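In case it helps, the working numbering puts the sequence shown at residues 5 to 54.
Positions of the beta carbon are idealized from the N, C-alpha and C atoms, including for glycine.
Note that the structure is predicted; figures quoted are calculated from it, not measured.
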Amino acid sequence: MAAPLGLATDESFSNPRVPFAATGFVIGVALVFISAVVYEVLPESDSDSI
Numbered sequence: 005m006a007a008p009l010g011l012a013t014d015e016s017f018s019n020p021r022v023p024f025a026a027t028g029f030v031i032g033v034a035l036v037f038i039s040a041v042v043y044e045v046l047p048e049s050d051s052d053s054i
């Protein structure tokens, strides 16, 4: 997913290979924070009876 190695001779070197890569990154970061909030908000289960 990184830019190709070498000297930048064309505009294509600075463009991402996946057009929606920034969106995927933002969604991933948001998912990390949302999962932390859900983990803290949901009550613990009382299924300790084995």
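The alpha-carbon separation between Ser39 and Leu11 amounts to approximately 41 Å. For Phe29, the enclosing alpha helix (DSSP H) has its first and last residue at Ala25 to Val45. The DSSP-derived three-state label of Glu15 is helix.
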